[in-house]
Structures are given as C-alpha cells and as structure tokens.
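Colleague: Line by line, the protein sequences give chains A and B. As numbered in the working numbering, residues 1 to 304 make up the first sequence, in order. As numbered in the working numbering, residues 1001 to 1778 make up the second sequence, in order. This is the structure I want to talk about, given as structure tokens.
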Amino acid sequence: MNDFEYLEPATVAEACAMLKRYGGEARPYAGGAYLSIVMKQGLIRPKALVNIKKIQELKGIRFDPSEGFVIGALATHRELETSQLIREKLPILCAVEREVANIRVRNVGTVGGNLASGEPLTDLAQVFLALDARVAISGPSGDRTIPLEELFVDLYQTSLGEEEILTRVIVPPPPPATGIEYIRFSSSSVVDKPCVGVAVRISLNADRKTCGTVRIALGCVAPRPMRAQGAEALLTGHPLSPQLVEQAAAAAAEECSPISDLRGSERFKRGIVRVLVRRAMAVAYDRASHASTLRLRSGQAGSA
Amino acid sequence: METTEIGKSVRRLDYKTKVTGRAQYLADMSVPGMCHGKILRSPYPHARIVRIDASKARQISGVVAVLTRDDILHDQGIEPFYGPVFKDQTIVAVEKVRHVGDPVAAVAALTVDAAEEALRMIEVDYEELPAVLSVNDSLKPGAPLVHESVKLPASGFADLAELKPVEGTNICTHFRLNRGDIQRGFAEADRIFEDTFTLPATQHSFLETHACIAQVEPGGRITVWATTQNPFVVRTQLANIFKVPVSKVRVIVPYLGGGYGGKVYPKVEPITVALAQKAGRPVRLVLSREEVFYTITKHAAIIKMKTGVKNDGTLVARECEIHLDTGAYAEIGPRVAKKSGYTAAGPYRIPNLKIDSYSVYTNKPPAGAFRGFGVSQSAWAVESQMDIIAAALKIDPLELRKQNGYDEGDKFVTEETLRAVGLKECLDEVAKSIGWGRMEQWNNGTVEQWSRGENIKRGKGIACMIKATITPSISSAVVKLNEDASLSIYTGTVEMGQGSETVLAQIAGKELGIPLETIQVLGVDTDVVPYDLTTSSSRSTFHMGKAVQLAARDILRQLKQIAAMEYGVPEAQVTFAGGKIRLPEAQLDYSDAMFKRFGMQGGTLVGEGQVKTSTKNEFGEKSTSAFWFLAAGAAEVEVDVDTGRLKLVKYATAVDVGKALNPLGCRQQLAGAAITGIGQALFEEIAYDNGQPINPNFVDYVLPSLGDMPETIDPISVEVPDPNGPFGAKGIGESALIPVAPAIANAVFDAVGVRIKDLPIKAEKIFLALEEMKAKAR
Ligand SMILES: Cc1cc2nc3c(=O)[nH]c(=O)nc-3n(C[C@H](O)[C@H](O)[C@H](O)COP(=O)(O)OP(=O)(O)OC[C@H]3O[C@@H](n4cnc5c(N)ncnc54)[C@H](O)[C@@H]3O)c2cc1C
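Okay, here's the thing in structure tokens:
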C-alpha cells in the first residue's frame, strides 16, 4: 500500500474542505471494506484518506413521517440488519442485510460506502431503487438531493463530485397496498458476491387488484443498478396474471446487459433475471394484496 | 491423571495454544538482524529473458541484496537446477520464464517497502514466446516446448525410476498400465461406455501462506525455518543446491498453518537461502495469497474413460487416458500421474485394462501434490461413470459398486493381494446414513411453475474409492524416558492441524501405560529428530505411530533389563501394567527403576523405533502400498430446476480407519476432508486469462463457507484393522475428500437427470443442461 495522509474531520463541512484541498487526490474513508482491498491491490493510490467515521451527522437511522426513512451514510450493514425500526417498518431491508457478504464485512461496511463505491456486485441499490429512494449529498458549494438512480454512472463511477460526501439515504414512506421482494442470487457460495439481484415492488391501485406503481430493479447485470422500465410498463394498470408475469420477466431479461465473467455467462445471467423477476413479482404482488398498513411485509428475503 | 487410552476421544493437545492465538507460526517469528525478502515475478506465461539490469535496485536505500540469474549461474557454490523428480527448476529464471509468476529476481532489504520499491527498479527485457496454455495445445505436434531439455537427477525416487520426459514433446511423463487382454475384454462386453471428464486447477487454500526464514553462517551452515510438510526432503534438496553435507543444513518447522500437499518439496526455501547467503544476514520471506497461486496448484485433468460391461453389470474392460496439466515444472507431477493411473480402475475388479496417464508441461503455474494425490482426479471419472453405467443398465448404483468392488484377498491392478479392505462396509454405512433406497423420484411435472419452492427436486448419490500410501518410505522416532517417568517424543512428523501430536502421544502413552499429561511431543528440527520421509500421503499415524510404538517398546525392553538385573529375577518374570513394573514379589514405578539404574535422581533412557516399508511385503509379494485407503461418501442434494442452484442437504462419509485411536480426531479429519471436497466439487476453480490467474484472491476464488454446508455431515469410522498399523490403525487424511465430487454429481443426476462431467458443479452448468433438456422436451 502506498503512503497517504490520514485525516479525521468532525463535520461534513470539514470533510468536504479537506477533500477539496487535495483536489481529487483524497478519498472519503468509511468502513474501508472496499478501499482497503483496492488500495492493497494498488488499483487506487490516494494521497489522503479522509476518515468520516467520527462525523455525528452521518450516523443513525430514523423515521420521519413526512420524509420517510432517513438512513445515515455511516449506518453499517449490521446496524440495518439489527435495527428495531427497520425490522418493524421496512423488514425487507433487514432480510437483505442478513445475506449481504459475511458478518465481518457487515460489521464494518456502510450504506454510504456501498452506494458511493459504485461497485457492481452489490445488493442495497436494487432495494433502494425499488423504493424510489433518494440520496442527500453535501459539497463545498452546498447540499443537493437526487434520486438514487442518478447517483450511478458506470462501473465504479458515480455522479458524486470529488469533494462531495453522500450524507444519507432517504426512503419515502411507501403507499398503502405495497409489497416488495428482493432475491439475491449467488452463482456459487452463499457468501460470494451476488451474481444477480432482483427487487420488485408493486403498489396496488385503490381497487387492490391492478398494479399502480411497479418497480423492477436489477443489479449486477448492467454497468449500474438499473430499472427494467419496459417490464414495469407491461404491468402498470393490470392485475397480475401468469402470462403477464412471464412477459414482464422476459422483457426484464432482455432489457439488461450482463457480461460474461467469473460469476456466469451472459446467457445464464439473463436466464436468472427472468426466473428471479418472475418469482419476486409473485411474492411482491401477494404481499401487496395482503398489506394493511405502511409496514412492508416480508418474510425472509428470497434467496434463490 | 488417568492412564492413556486409545479408542477414546481426547481433545487435541495443541487446542489451547491455537484457539487463544498463541501458537507461533513462521510469519510471526523473527531472528536478530533479519531483513525482508521479496520476489520479482514474470508477467508473461512464456518469454526469453533478454536482459536484466538490477543496478538501480541496488541503489535503493535499505536494499541489502538483489539476486538475479547471474548470482546462481556464476556461483561455484550453487547448483542452479533442482526439483524433486526432474531438475527442471531454478532458484530464479535463467534463460526463460515459463509461467506467469515465475520468479525472475529477488530482493532482500531492511524493510518490506524498500524491497518492494527495489523490485520496481529492476529492469527486465523479455522477448515473448508463444505459450502453451492447455494440455490440448501442449500436445499438438509442433507445439512450443516448455522445456527444450530436462536434467535428470543422479539418483531419484525408486518408484519413479521408469518415468522420463519424452524428448521433443511437452510430455513430462507417461505412465502405462496394461492388464489382461484389452481387445478381448471389450469383445466380451455387452455394452461399452465412453465419456470424458474434466476438472480444473484449484488451490490448497491453507490459511498460512508459504514462508521461510533463512540464515547462512560464514562457514556455510544453513538454518531455515520453513513452512514445509517434509523437512528432511527440503534438507536434502538444500544440501544438493548449496553443495554442503546434510549435516550442515538445519530445517526447523514451527506449527504449520495447513498443508494439504501444497507444502511438500522445496517451495520458497531455495530462493530465501540464496538471498540470505548473498545478503550475509538472515532473510524472511512471506508469500502473499496471490503469490501462492503462482507457486503451487492442484492438477487440472482431462480423463477419457472407455469401459466395457456385461449386461449383468460386471466390469470387464477399461481403457483410460489421463492428461494431467502439471504446469511449467514437473514438481511431483510424475508421481501424481502415476497414482491417477493406478486408480483409474477404481476400487473394482476389472480384468482387462489399458491405462495411460500423462503429466504434461504447460505454461501455467506448477501443479503438485494435493490431498488425494491424483485419486481425486481419477475417482471423479471412475465414480461418475459408474453411475452412468448403473443408469443405463438400470442397476442400483450401490449394488453395482458392491458387485464389482474389492474384497479381502482380491488382486489390485498391480497383481498384489489386497488386505484389510473395508470398502463394502464403508459403502453400507454411508448408504444407511443417507437413507439409500428411500429415493425421491423426480417428478417430471411442469417446470414452468412460477412461485418459489415448488421447483426443488431432491436426489441422492454415492461414490467410493481406493488409494495407496507412498511406498517405500521411512519413519523413525526417538523417545526419552526422563527420571520422573515423563516422556519426550522426537519425530519429524509435522503438526499441521491434523492432530498428529495428540495421536503420537496417545500411542506412546498407551504402550507405556503413562498419562497423556506427562508426555511432550517436540517440534520438528532436523538437527534433533530422526529421519522421516514426509508428513503426507496420510502416512503419519500408520508409519510414525508405529515407530513411536516401537520406540516405547524399546523403553519397556530396557526397563525390563534393569528390573531383572537390579532385582535378580529372570526377564521373563518381569511384566508391565498400568505404568508399573511387576515383579513376582513387588511392583516398581518407572522412576524407581531409573533411580536404581543411575544411582541418583537423574538420567535418561532413550528408545528408538524405525519403520521402513518396501516394494516387497512381509510375504515376499510386490507391494505398491504399505496399506490401503478405502472410503465411501453419499450426498443428498436439492436442485432448483429453474436456476440450477444446488443445495447440499446431507453428506455422509465413511472411511476405513483401521482402528480409531482418537475417535474425535477421526471425525474431525473426515468432516474436514469432506468440507474441502465440497469446495472442490461445487465452487473452486482457478480461472486463467492467457496464463494469468484472474482470481488469485479469496474474494473471487470462492471457497465454501458455513452457509454452504449441509445441515448434517456424518463422519463414520469403519474399523477393519491393518495388522501392521499401530493398534491396527490406518491413515485417514485424504480418503474422505475423494468421493465427494462424484457423489454430488451422482445426486444431481438422480435429482434432475442432468449429468455434469466437468468440475466444479456450478449452478450455471446445471442450468444450461436443464435448458437443453427442457428444449428437447418441448
Ligand atoms: C468480501 C466482500 C463481500 C461483499 N459482498 C457484498 C454483498 O454481498 N452485497 C453487497 O451489497 N455488498 C457486498 N460487498 C460490498 C460491501 O458491502 C461494500 O464494500 C461496503 O459496503 C463498502 O462500504 P465501506 O463503508 O467499507 O466503504 P469504503 O471502503 O470505506 O469506501 C468505499 C468507496 O466509497 C467512498 N465512500 C465511502 N463513504 C462515502 C460517503 N459517505 N460519501 C462519499 N463517498 C464515500 C470511498 O471513498 C470509497 O471510494 C462486499 C465486500 C466485500 C469485501
């Protein structure tokens, strides 16, 4: 590993100023689960690491009736997994977190780092995309909030400026009669990074039969986590039928652009997308039909 | 304190030290004045080295020595070529590099950082050469040669004497086995089955990477602290390379953090010694995980198997061609190939055989010994094809195995008589454990159901194996009875996690009737302990255990003499029980006898035991193995017919252990080997791109985790005693691993009708095969 300065800001403003001082040669350092690996491999050689872990304003998980769930960038995977609030009100997230990586990575890895790294083989983005999450970002020139979708640009590339900090993830309160399911598919060991991840959210119309809002979020099968909008459109306004599910699943498998790599061939990944979309959709629809309150029902996150 | 028992579980003696993290491993150690070594490695699979200029590297502050080919070629004190079978390796590359990661130069420096910086300053000009990156490419006529010629050692292994590289080709060795009349055999067959099976290169994945500390005294005396499974072989090789008598080489082995075959024969020791010699001070070299991928792998293999069978299931003929990818250096590949060949008939009586087993050079990192030593390759083919045959003939796979399987007194393929053969007991035990016969039939119903859970199919599979142990071999032990009747045991057996310390202490304790707590097993230091060939081939309990038993008996013999002499009774009237000497009228403690002998509180009795196996057994028959390993495994799996995802529900493993000296230790070895087998079966594979491993880390090279384990792994010890083992014991380290992959593949077939012939059995392979099946069904 190369030599680097180690900095420890107490506030977001301070952190941004430090990042600015190094003009692109410094990196925020959260859990280090990603950074420590790429630095040891010599893939990136920052001049300074700005350890943001002591910044209070980046911590915590809370629910605000108007904003929704506010998850601080420093919340670790493990905190989400064990949070009472999340377990009660957004149990899908708990269930997903139980399957992320392994306990060692979950203990240190943060939500902010997970999203800001732009790593392609991850899980959280799909769930957040399906829930229309937004991310709050602070920089030397002020704060902004963008839909999560706009954060991701390409493999390992985000729209974050070099001097910016991702401060929190905001998940709006889902409409009534909403069901969500996430299925994480690993092509080998259960602790391997995901090969495909599919989240489906269905919010039913007032008739409680026809789909109102549909979100199909696909992970690991494109340069960035993506929504299968063609597939979503097929369902909107319709009740779910086996034929429709099959069509939407096929459409989603078409829309993505997986590459062949260690975790599977393009053909295999498209096949898996199709199966997972089909399965997740059935579960999400079922949960939506039975949903009573704000609580998003979920048992265990599906693990295929 | 209780007297030591065998057949009763004891907790391993080293558990506290290891669990509390206090065990010393090599990378934790340092010696005064030590500096740090680093290796510059080839970026190309095959290239000529045109020029090396290390002058800039030498200028880096903190650099003590830079080692290049000039140092090993022009030093009269160094024999540049070495290798356990053929002398095809050099300390650093001389004319060519032969695989990505081949050592080109090395640096010793005061800090690791300085050493790394110096590596970057070494200028090397390469002229890239066409490379052979697979066995198939390598065997093509006119293929580029990995070695233009190979030097043979003056005296090699007796069991490999007939094997030589085939000049002008990349064939490292070709082992042939012919039996009966192959043509007639196939003519007699009702059915002939032809299949090709493959398995990829994998890693041993020990926690501790290879490391070495070397120190060379001005007089030339060499001391190395080494992560090795065979310190005496390393000693011999270092003595040859550095041209000194073996008495001038001292090899010390701290606790070894796993070996699995990946730490036999020299690895980083020669380069560390050469660096230390040049640096004039001790050097420590610790490989990174990535470097281990360049250092040693398990042989990838392509196995073509043609088998003739009678309609009733009797195996009558087999032709088998095995190609093992041995990588850029022979290492111990020739013996691995030989063992693959010997076991290509599996544990079955097949009268007519034609077996050709090749080790083949390629421009890939070298392959060597791996737990199972060639048999996990051959057994993958043998045991998969058994089920292909069983399915075609509609015979129960268990019955087919029992019908053809070896019994006591059968002749092995070498025509020697098999003794102490617990094969069928093992098969019956795993079958019982897994509920064989109560098989869920795959219901071919609609596979296009769209809710979860309904697409899961279950299946069961079984497999078995036979393996030999390295023969001939030598183990010697010395035990010292101290004045207080406590015992010190000196052996060259390396404690690498297998529990050898514990079992050796148990054997001595039982023989002498003394408590385990009074026994100390010493660490390995070739200056102190007597010769042992190797801690591998599952041989230590059988060989070293016996040597320790004999050494303990030597102590009893001496005590008997002392008691007879001192008390004036005939030796025949002196007996032993419960750690005491019984005379007709009295009973003595060992310490009393010692006091009598030495006349004071002091003195030592030294007992010695030697075990030497040879290529002839005690009946004058040919013997390729001092004893035989027999084992079986059975798997129950669930397969998701939509995704191909496989879940292991249960795994049962039965091994003929001869006698379970420490039943807990046996269960741990069996379960541990099965877990390694599960990784090899399901996930593990080194992926290469133009000869460059692309997953040389444990994020992308996927090992099994707890979450991948079946709820139950049932380790079963079958006891068919071997009269030559201590208390009847045999070795057990490798057996349980071997049946895992074929048992799982057979279970997958049982579940969904898909036959996977290429390891690992990844979800994708099952998925694609299912797609094909579904397409045909439509
Ligand atoms: C073995 C392994 C397995 C894994 N498996 C999974 C998995 O199954 N599913 C999954 O989802 N993920 C998985 N991951 C990814 C893991 O969850 C992420 O690496 C982790 O979340 C990164 O978080 P971190 O806090 O450690 O980030 P760091 O390593 O500290 O940082 C990551 C990157 O983000 C930047 N960064 C961090 N925080 C901020 C911020 N607040 N604002 C701006 N930039 C920031 C850093 O500068 C850096 O570039 C795995 C990782 C490993 C090592």
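Glycine residues also receive a C-beta, built at the ideal position from the N, C-alpha and C atoms.
If you draw a straight line from the alpha carbon of Thr1020/B to that of Cys1666/B, how long is it in whole angstroms?
Modeller: Rounded to the nearest angstrom, the two C-alpha atoms are 23 Å apart.
Colleague: What's the C-alpha gap between Pro65/A and Pro173/A?
Modeller: For Pro65/A and Pro173/A, the distance between alpha carbons rounds to 7 Å.
Colleague: What are the start and end residues of the alpha helix (DSSP H) that includes Gly1677/B?
Modeller: Looking at the DSSP string, the run of the alpha helix (DSSP H) that includes Gly1677/B is 1663 to 1682.
Colleague: Measure the C-alpha to C-alpha separation of Ile183/A and Ile1694/B and round it to an integer number of angstroms.
Modeller: So the two alpha carbons sit approximately 28 Å from each other.
Colleague: Write down the C-beta distance between Leu1275/B and Val1283/B rounded to the nearest angstrom, noting that I regard them as a contact closer than 8 Å.
Modeller: About 5 Å; that satisfies the 8 Å criterion.
Colleague: I need the DSSP call for Ser1205/B, collapsed to helix, strand or coil.
Modeller: DSSP places Ser1205/B in coil when its eight states are reduced to three.
Colleague: Kindly list the residues whose CB is nearer than 6 Å to the CB of Ser1500/B, restricted to its own chain and excluding five residues on each side of it in sequence; keep chain order.
Modeller: Excluding residues within five positions, the ones whose Cβ falls inside 6 Å are Thr1493, Ser1540.
Colleague: By Cβ distance, which residues of its chain are closer than 8 Å to Thr210/A, with the 5 residues on each side in sequence left out?
Modeller: Cβ neighbours of Thr210/A beyond the five flanking positions: Leu204, Gly237, His238, Pro239.
Colleague: Measuring CA to CA, which of Ala248/A, Ala249/A, Gly271/A is closest to Ile259/A?
Modeller: Cα-wise, what sits closest to Ile259/A is Gly271/A.
Colleague: From Ala33/A to Gly109/A, what does the alpha carbon distance come to, in whole angstroms?
Modeller: So the alpha carbons of these two residues sit roughly 6 Å apart.
Colleague: Could you please give me the residues that DSSP links to Leu234/A through a beta bridge?
Modeller: In DSSP, Leu234/A forms no bridge with anything.
Colleague: Taking the straight line between their C-alpha atoms, what separation do you get for Asp1640/B and Ala1671/B?
Modeller: Going by the C-alpha atoms only, they are around 26 Å apart.
Colleague: With C-beta atoms as the reference, is Lys1096/B less than 7 Å away from Arg1048/B?
Modeller: Yes, the Cβ-Cβ distance between Lys1096/B and Arg1048/B is below 7 Å.
Colleague: Buried or exposed: which applies to Pro1032/B, given that a residue is buried once 16 or more other Cβ atoms fall within 10 Å of its Cβ?
Modeller: Exposed.
Colleague: Would you identify the three-state DSSP class for Glu79/A, choosing helix, strand or coil?
Modeller: Helix, per DSSP.
Colleague: List, in chain order, every chain A residue whose beta-carbon is nearer than 7 Å to that of Glu1764/B.
Modeller: Here the neighbours are Ser187, Gly264, Ser265, Phe268.
Colleague: How is Ile1182/B classed by DSSP in three states: helix, strand or coil?
Modeller: In this structure, Ile1182/B counts as helix in the three-state DSSP scheme.
Colleague: Counting Cβ pairs, one atom from each stretch, are 3 or more of them under 8 Å apart for the stretch 1627 to 1634 of chain B and the stretch 1718 to 1730 of chain B?
Modeller: Counting Cβ pairs under 8 Å, three or more are found: they touch.
Colleague: With DSSP collapsed to three states, give me the class of Ile272/A.
Modeller: DSSP places Ile272/A in helix when its eight states are reduced to three.
Colleague: Taking Tyr29/A as the reference, which of Tyr22/A, Ile52/A, Ile44/A has the closest Cα?
Modeller: The shortest C-alpha separation from Tyr29/A is found at Ile52/A.
Colleague: Show which residues of chain A have a CB atom less than 8 Å away from the CB atom of Gly1545/B.
Modeller: None at all; the shortest Cβ gap to chain A is about 36 Å.
Colleague: Show which residues of chain A have a CB atom less than 7 Å away from the CB atom of Asn1695/B.
Modeller: In chain order: Leu262.
Colleague: Could you say which of Ser83/A, Gln41/A, Val221/A lies nearest to Ser265/A if we only look at CA atoms?
Modeller: Taking only the C-alpha atoms, the option nearest Ser265/A is Val221/A.
Colleague: Note down, in chain order, all residues in the stretch 1707 to 1724 of chain B with a beta-carbon under 8 Å from any beta-carbon belonging to chain A.
Modeller: Within the stretch 1707 to 1724 of chain B, the residues whose Cβ lies closer than 8 Å to some Cβ of chain A are Gly1707, Asp1708, listed in chain order.
Colleague: Using a beta-carbon distance cut-off of less than 9 Å, what residues from the stretch 1030 to 1048 of chain B approach chain A?
Modeller: Listed in sequence order: no entries.
Colleague: What are the start and end residues of the alpha helix (DSSP H) that includes Ala1547/B?
Modeller: Segment 1540 to 1567, the alpha helix (DSSP H) holding Ala1547/B.
Colleague: Which first and last residues belong to the beta strand (DSSP E) in which Phe1193/B is found?
Modeller: That run of the beta strand (DSSP E) goes 1191 to 1199.
Colleague: May I ask whether a heavy atom of ligand 1 can be found less than 6 Å away from the beta carbon of Leu124/A?
Modeller: Under cutoff, so the answer is yes.
Colleague: Does the stretch 1264 to 1272 of chain B come into contact with the stretch 1222 to 1229 of chain B, if we say contact requires no fewer than three beta-carbon pairs (one atom in each stretch) closer than 8 Å?
Modeller: As far as the Cβ criterion goes, the stretch 1264 to 1272 of chain B touches the stretch 1222 to 1229 of chain B, which means the pair count is three or higher.
Colleague: Taking the alpha-carbon positions, what's the His1543/B to Gly1459/B distance?
Modeller: Approximately 40 Å, taken between the alpha carbons.
Colleague: Looking at the secondary structure, which residues open and close the alpha helix (DSSP H) in which Tyr1406/B lies?
Modeller: Counting along the chain, Tyr1406/B falls outside any alpha helix (DSSP H), and DSSP gives it neither H nor E.
Colleague: Counting only Cβ pairs nearer than 8 Å, list the residues of chain A close to Ala1687/B.
Modeller: Those within 8 Å of Ala1687/B in chain A are Leu262.
Colleague: When the Cβ atoms of the stretch 1327 to 1335 of chain B are set against those of the stretch 1084 to 1098 of chain B, are three or more pairs found closer than 8 Å?
Modeller: The stretch 1327 to 1335 of chain B is in contact with the stretch 1084 to 1098 of chain B.
Colleague: At a cut of 8 Å, does the stretch 1048 to 1068 of chain B reach the stretch 1238 to 1254 of chain B through at least three beta carbon pairs?
Modeller: They do not touch, by the three-pair rule.
Colleague: Nearest to Asp1554/B by alpha carbon, out of Asp1656/B, Gln1680/B, Gln1610/B?
Modeller: Taking only the C-alpha atoms, the option nearest Asp1554/B is Gln1610/B.
Colleague: List, in chain order, every chain B residue whose beta-carbon is nearer than 8 Å to that of Val275/A.
Modeller: What Val275/A touches in chain B: Asp1642, Thr1643.
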